[in-house]
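The sequence shown lines up with residues 403 to 537 when you count with the numbering used here. In what follows, a structure is listed as structure tokens, so that the remarks can point back to it.
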Amino acid sequence: MPYDVEKPDEQWRAELSPAEYAVLRQAATEPAFTGEYTDTRTKGVYSCRACGAELFTSETKFASHCGWPSFYDPKDTDAVELVEDRSHGMVRTEVRCARCGSHLGHVFEGEGYPTPTDQRYCINSIALRLAPEEG
Ligand SMILES: [Zn+2]
């Protein structure tokens, strides 16, 4: 499926820091409890660090204590793309930015968190950029 934002790999590499590139374009995972947004409670909108698409809001962010920013729902259902991921001997659901195809993290469900969806979008901080709400 073509994405609205498509760039040659060299361009992503030039635009992103090496750590951002590793996560967004190579599906790496930042170490737990190291990301800048893990426990952030600031109100605002989280956008894709690669293309700027609005992906999540502080409204659905919750304290999962898993070491990564966790959301129970994306801002809009079609803001993200879900892809089956069978790497590392597990079957997981990868979450990608629907606009540029960059890797964001994974979504898990049925874990029993007291949220409306019982889903946990486990997203790398470095894949996101928070725009704090005005005022
Ligand atoms: Zn994107």
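Cβ coordinates follow ideal geometry from the N, Cα and C atoms, glycine included. Since this is a predicted model, take the numbers as computed values, not measurements.
Helix or strand or just coil, what does DSSP make of residue i?
{"i": "Y578", "result": "One cannot answer for residue 578 here, as it falls past the ends of the chain, which runs 403 to 537."}
{"i": "Y405", "result": "coil"}
{"i": "T519", "result": "coil"}
{"i": "H508", "result": "strand"}
{"i": "A533", "result": "strand"}
{"i": "S472", "result": "strand"}
{"i": "E486", "result": "strand"}
{"i": "E496", "result": "strand"}
Cβ atoms of residue j and residue i: under 9 Å apart, would you say?
{"i": "R522", "j": "F510", "result": "yes"}
{"i": "T444", "j": "L532", "result": "yes"}
{"i": "T462", "j": "V447", "result": "no"}
{"i": "Y515", "j": "F435", "result": "no"}
{"i": "E496", "j": "A452", "result": "no"}
What distance in whole Å lies between the Cβ atoms of residue j and residue i, which are believed to be in contact at a cut-off of 8 Å?
{"i": "C502", "j": "V407", "result": "4 Å"}
{"i": "R427", "j": "S527", "result": "So it is not a contact: roughly 16 Å between Cβ atoms."}
{"i": "C524", "j": "G507", "result": "5 Å"}
* **Below 6 Å from a heavy atom of ligand 1 - residues by beta-carbon** => My final list is C450, A452, C453, A455, C499, R501, C502, S504.
* At what residue ranges does the stretch 414-468 contain a whole run of the alpha helix (DSSP H), taking only runs of 4 or more? -> For the stretch 414-468, whole alpha helix (DSSP H) runs of length 4 or above, ordered along the chain, are 420-426.
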